Amino acid sequence: MQDHTVTVTDEEITFSPTFNVAVPFIDRHLDEGRTDQVAIRTNHGQEVTYGDLAERVNRAGNALLGLGISPGERVLMVVKDDPAFFYLFWGAIKAGIVPVPLNTLLRAADYEFIIGDSAATAVVWSPEYDAEVVPALDSLSPGPKHRIRTEGDGTTLDALMADAAAELSPAPATATDDAFWLYSSGSTGNPKGAIHRHRDMVVTSQRYGVDTLGATADDVFFSAAKLFFAYGLGNAMTFPLWVGGTSILFDGRPTPETMFDMIRRFRPTLYFGVPTLYAAQLASFEELKPDLSSIRLCVSAGEALPPEILHRWKERSGLDILDGIGSTELLHIFISNRPDDIKPGASGRPVPGYRARVVDEDGNDVERGAAGRLLVQGASAARAYWNNPEKTARTMLGDDWVDTGDTYLRDEDGYFYYQGRSDDMLKVGGIWTSPFEIEAKLMEHPLVLEAAVVGRRDEADLVKPAAYVVLTDRDAAGDELEAELRALCKQGLAPYKYPRWIEFVEELPKTATGKIQRFRLRA
Ligand code: 3UK
0 MQDHTVTVTD EEITFSPTFN VAVPFIDRHL DEGRTDQVAI RTNHGQEVTY
50 GDLAERVNRA GNALLGLGIS PGERVLMVVK DDPAFFYLFW GAIKAGIVPV
100 PLNTLLRAAD YEFIIGDSAA TAVVWSPEYD AEVVPALDSL SPGPKHRIRT
150 EGDGTTLDAL MADAAAELSP APATATDDAF WLYSSGSTGN PKGAIHRHRD
200 MVVTSQRYGV DTLGATADDV FFSAAKLFFA YGLGNAMTFP LWVGGTSILF
250 DGRPTPETMF DMIRRFRPTL YFGVPTLYAA QLASFEELKP DLSSIRLCVS
300 AGEALPPEIL HRWKERSGLD ILDGIGSTEL LHIFISNRPD DIKPGASGRP
350 VPGYRARVVD EDGNDVERGA AGRLLVQGAS AARAYWNNPE KTARTMLGDD
400 WVDTGDTYLR DEDGYFYYQG RSDDMLKVGG IWTSPFEIEA KLMEHPLVLE
450 AAVVGRRDEA DLVKPAAYVV LTDRDAAGDE LEAELRALCK QGLAPYKYPR
500 WIEFVEELPK TATGKIQRFR LRA
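Under numbering that gives the first Met the number 0, the first residue of the sequence shown is numbered 0, with each subsequent residue one higher.
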């Protein structure tokens, strides 16, 4: 087998013994005649061809090597959605250096922790994030050896690349060598660095991007989720580069206005969002009258997609939303609906190449229809968490099996239904109850935009569901609506599940990636 190549069959993906993943994702396109084709377009009107991309990746890799950074060392990236993200990420991998993209919305204390935890040799950041990154760097002594802005003041990636050679041979890696890390922040505790290998992006791009979404070189990918998030990294970088398509990058804040505007200007064929954003886009649909005619399919992940959002979106836009569950540890989506098989309220069935089990506390498979912990196996699973043997042992179970920490139910037909994070589940009257099921019921009411349910203790010190509700029309709040919502839940759910308290709020607490922080509502 030729070096740096992949063979794909329905059963398995095999890699040449020498395999650096930058070659099939970046250099391959030059041999396949895509040199002058556009790989990236930005909201600032910038266009990068596959030829430009390959050259700039080489320059970025050489820039890092030129600083004396050695293979295996970490380069932290606090970089906005911009072509420079691609150059740095792939340049590092091609040079055998480990890029670690970080959430750009973190605070100085978080960066300080991660810089220390990763023992990074260099930090590269977009000047937009000076206010949080510079104090983090200053508070560490000795701190990382190299501080580099992508552009602007001081040492910059731009300037280093301009002085670097345009040719670079790929570091001689194998498919199971470490390639990059992603930090996962659970709802509690410090973030953990999930170590991903050269093979992992091939597996997600082929099994989800191609086999599930049907992505081809004709697709134009636009992701509201940013590149630093494993979801966005796949949507807007690895999938388009795997098939030779085009990625649209937006370096601002995703809002209904900015997303609809980008879609109108750049006419993507695939659009990737999170449930909260779809809900917000629906709330302003009438007012903004978006043109979505270029899109063939919308995708949702990050949180379960309430069926009501799916129905309302289809009604307004005529488009389907494909819900699927992914994680930082598995790198991308591993259980998904399929374009020709969408079950509202379900996450779908395992993506080709992945296996899933639902187990009880002792690790035994539960019966069909019963809830349990979701375990997943796939060849894109992270090898380990950096510097954290206890969490690794609890999560990475061996043979590429991962404990997702989610509670799921599998029905008779093999479809998987999300019940909540295992630590968000509430016991009501001794019975495990999914907050998500109650939230979905509340959202059936036309005035409900979003809902979050947590457990709260009543006068008798028993845990009962409490609901926080965001309305489409805030003036509708009141006793009357509260009674209607309670009636809706009593009618449609097991009797003990109706929310005993309903609070109308302006918004729900969410993470940077759009997940409701139920632990904050509990506090
Ligand atoms: C939850 C979902 C129900 C679930 C991600 C797509 O979200 C991603 O990764 P994270 O590491 O979080 C993982 C956790 O998020 N979740 C994600 N998607 C769904 N729950 N339905 C869904 N559709 O608790 C999971 O364990 O931030 C999503 C692709 C790559 C990703 N990393």
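Glycine included, C-beta positions come from ideal geometry on N, C-alpha and C.
Here the structure is a predicted model, which means the values were calculated and not measured.
Comparing the CB of Tyr417 with every heavy atom of ligand 1, is any distance shorter than 7 angstroms?
yes
Which word fits Thr8, buried or exposed, when buried means at least 16 other C-beta atoms lie within 10 angstroms of its C-beta?
exposed
Length at least 4, wholly inside the stretch 299-348: the alpha helix (DSSP H) runs in chain order:
306-316
For Ala38, the three-state DSSP class (helix, strand or coil)
strand
Less than 8 angstroms separating the beta-carbons of Leu321 and Asn336?
yes
Just to confirm before moving on: does the CB-CB distance between Leu269 and Asp218 stay below 8 angstroms?
yes
Inter-residue Cα distance where the pair is Pro169 and Asp162
19 angstroms
With a threshold of 8 angstroms, are at least 3 pairs of Cβ atoms found where one atom belongs to the stretch 118-128 and the other to the stretch 149-158?
yes
Return the Cβ separation of Leu507 and Ala451 in integer angstroms, given the expectation that the two are a contact with Cβ distance under 8 angstroms.
5 angstroms
Ligand 1 heavy atom lying under 7 angstroms from the CB of Arg295
no
If I measure Cβ to Cβ from Phe84 and keep anything under 6 angstroms in the same chain, skipping five residues before and after, which residues do I get?
Val78 and Leu226
If you draw a straight line from the alpha carbon of Asp137 to that of Leu52, how long is it in whole angstroms?
33 angstroms
How far does the alpha helix (DSSP H) with Lys463 in it extend, from its first residue to its last?
Note, Lys463: premise wrong, no alpha helix (DSSP H); beta strand (DSSP E) at Val462 to Leu470.
I'd like to confirm something about Glu302: is its beta-carbon nearer than 7 angstroms to some heavy atom of ligand 1, or not?
yes
Whose C-beta lies closer than 6 angstroms to the C-beta of Ser183 among residues of the same chain, with five residues either side of it excluded?
Lys191, Ala193 and Thr327
How far does the beta strand (DSSP E) with Ala121 in it extend, from its first residue to its last?
Ala121 to Trp124
Within the continuous alpha helix (DSSP H) that includes Thr203, where are the two ends?
Asp199 to Thr203
Report yes if the C-beta distance between Ile308 and Ile324 is below 8 angstroms; otherwise report no.
no
Where does Thr510 fall in DSSP's three states?
coil
Enumerated in chain order, which unbroken segments of the alpha helix (DSSP H) with a length of 4 residues or greater are wholly contained in the stretch 117-200?
129-137 and 156-162
Take the Cβ of Gly272 as the centre, count every other Cβ of all protein chains shown within 10 Å, and call the residue buried at 16 or more, exposed below.
buried
When the Cα atoms are used, what is the spatial distance from Ser140 to Glu111?
11 angstroms
Where does Asp478 sit, in a helix, a strand or coil, going by DSSP?
helix
Once DSSP output is grouped into helix, strand and coil, what is the label at Met60?
The sequence given here has Gly at residue 60, not Met. Three-state DSSP puts Gly60 in a helix.
Anyone know if the C-beta pair for Val74 and Leu63 falls short of 8 angstroms?
yes
At least three beta-carbon pairs within less than 8 angstroms, the stretch 477-496 to the stretch 375-390:
no
What are the boundary residues of the beta strand (DSSP E) that includes Met424?
No beta strand (DSSP E) contains Met424, which DSSP labels as neither H nor E.
Is DSSP giving Ile437 helix, strand or coil here?
helix
For ligand 1, is there any heavy atom lying closer than 7 angstroms to the beta carbon of Ser183?
yes
Taking the DSSP output, what are the residues bridged to Gly454?
Pro464
Roughly how many whole angstroms lie between the Cα atoms of Val56 and Ala21?
9 angstroms
When you compare only the Cα positions, how much space is there between Asp422 and His310?
29 angstroms
Reduced DSSP category for Gly371 - H, G, I as helix; E, B as strand; rest coil:
strand
Distance, Asp460 Cα to Gly477 Cα
27 angstroms
Tell me which residue opens and which closes the alpha helix (DSSP H) that Gly243 is part of.
Note, Gly243: premise wrong, no alpha helix (DSSP H); not H, not E.
Starting from the Cα of Thr406, find the closest Cα among Glu443, Ala135 and Gly419 and give me that residue.
Gly419
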